[in-house]
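Protein sequence lines correspond, in order, to chains H and L. If you're matching positions, the first sequence starts at 84 in this note's numbering and goes up one per residue. If you're matching positions, the second sequence starts at 84 in this note's numbering and goes up one per residue.
There are 2 protein chains.
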Amino acid sequence: MTASHKLDDTFAALADQTRRALLAKLAEGEARVTDLAAPFAISLNSVSKHIRRLERAGLVHRRLEGREHFLSLSTRPLNEVAAWIEAQRRAWSDQLAALHEMLQGEDDVAKLAGRRGLRRVKK
Amino acid sequence: MTASHKLDDTFAALADQTRRALLAKLAEGEARVTDLAAPFAISLNSVSKHIRRLERAGLVHRRLEGREHFLSLSTRPLNEVAAWIEAQRRAWSDQLAALHEMLQGEDDVAKLAGRRGLRRVKK
DNA sequence: ATTATATTCATCCGACTGGGTGAATATCTA
DNA sequence: TAGATATTCACCCAGTCGGATGAATATAAT
Chain H
84 MTASHKLDDT FAALADQTRR ALLAKLAEGE ARVTDLAAPF AISLNSVSKH IRRLERAGLV
144 HRRLEGREHF LSLSTRPLNE VAAWIEAQRR AWSDQLAALH EMLQGEDDVA KLAGRRGLRR
204 VKK
Chain L
84 MTASHKLDDT FAALADQTRR ALLAKLAEGE ARVTDLAAPF AISLNSVSKH IRRLERAGLV
144 HRRLEGREHF LSLSTRPLNE VAAWIEAQRR AWSDQLAALH EMLQGEDDVA KLAGRRGLRR
204 VKK
């Protein structure tokens, strides 16, 4: 549940074009809030909010130096997301492979054609 | 912009534990709305809403057969998300590599230590 | 001490979300 | 025809989002 909750936050943080652009910018290196906000038409405050959201998801880290706040990327959450996706894709591929194998089997084919597909997998 | 908008929808659709569980279930094969809803404590209507959201993001496809609605996975959006993440991770790795190379350089080290890190990358 | 810069805090707004309930629709079955 | 099943539609509610604005805070520079 905790892991899922973290994934929730990470996915939600990534579900915004502006925030993804901020992350892409940060991939070029550390940057201050003002630097990050510069290319965007929206207000500095809005960018600040976006950054807070990215922080909450653990995607960026903040380092204070005087009045300047330096942001940098954290890759762990992104790796977790990638892992989930890969697992999902693998499961999907396995299912496709199973279907393929089934279709190559001899007697099951007729039943499959008469019936409506895969379905009854669980209970 | 259109691609970004699609990514927005996909990420948003994935930013929910219930919806991710639905997708995982669908990885086992086609299923009806009722079948998908069975394991969850929430109402059937809520599940129906989640499914609609997954459909909007293009993550599932619906096939009608009489009064039954059969859902199945669509992998394209997931692939797009994976591609974005991989690009991001690659950029981040490149930046790390550049830093590493810089630290192995001779004269830049002093300036780097005195100054505050990477920062001034863009302008 | 004063001014300028960097950033956040406090509010407000319209829009959307996730959950619920009850009614409506459509299809299958007896 | 009547009844059961599968699914959605139409609302309601509290919570959050993304954007804006204006004020507050903290640090730096003069």
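Ideal Cβ placement from N, Cα and C applies to all residues, glycine included.
CB contact below 9 Å: residue i versus chain L
i        : result
Ser129/H : no
Thr158/H : yes
Leu105/H : no
Gly112/H : yes
Leu147/H : no
Ile168/H : yes
Short CB-CB distance (under 9 Å) between residue i and chain H
i        : result
Phe94/L  : yes
Leu137/L : no
Arg172/L : yes
Ala165/L : yes
Ala98/L  : yes
Leu201/L : Summary for Leu201/L: the model assigns pLDDT 37, below 50, so the residue's position carries little reliability, and this model does not support an answer.
Ser87/L  : yes
Delimiting residues of the beta strand (DSSP E) encompassing residue i
i        : result
Leu142/L : Careful: Leu142/L lies outside any beta strand (DSSP E) and carries neither H nor E.
Phe123/H : Taken as a continuous stretch (DSSP letters only), Phe123/H belongs to no beta strand (DSSP E), as it is neither H nor E.
Ser155/H : 151-156
Cβ-Cβ separation, residue j to residue i (assumed contact under 8 Å), whole Å
i        : j        : result
Ser126/H : Leu142/H : In fact, because the Cβ distance is near 21 Å, the residues do not count as touching under 8 Å.
Gln171/L : Ala107/H : 7 Å
Leu154/L : Leu109/L : 6 Å
Residue i to residue j span [Cα, whole Å]
i        : j        : result
Leu97/H  : Ala174/H : 23 Å
Leu135/L : His152/L : The question names Leu, but residue 135/L in the sequence shown is Arg. If I take the Cα positions, the gap works out to 12 Å.
Arg103/H : Arg145/L : 30 Å
Ser87/H  : Gln100/L : 6 Å
Asn162/L : Ala95/L  : 15 Å
Arg115/L : Lys89/L  : 26 Å
Val164/L : Thr93/L  : 8 Å
Asn128/L : Ala121/L : 12 Å
His133/H : Leu137/L : 25 Å
Leu105/H : Gly149/L : 47 Å
Gly112/L : Pro160/H : 29 Å
Trp167/L : Phe123/L : 31 Å
Ala140/H : Val130/H : 15 Å
Thr117/H : Glu169/L : 27 Å
Glu91/L  : Asp91/H  : The sequence given here places Asp at residue 91/L; Glu does not occur at that position. Approximately 14 Å between the Cα atoms of the pair.
Leu119/L : Ser176/H : 20 Å
7 Å Cβ cut-off: residues of chain L touching residue i
i        : result
Val143/H : The premise fails here: Val143/H is roughly 12 Å from chain L at the closest Cβ pair, so nothing lies under 7 Å.
The alpha helix (DSSP H) enclosing residue i, as first and last residue numbers
i        : result
Ala107/L : 100-109
Any non-hydrogen atom of the ligand NAP within 8 Å of residue i CB
i        : result
Glu163/H : As presented, the structure is devoid of all ligands, the ligand NAP included, so that no description of it is given.
Listed by chain order, chain L residues near residue i by CB distance under 9 Å
i        : result
Leu161/H : Ile168, Gln171, Arg172, Trp175
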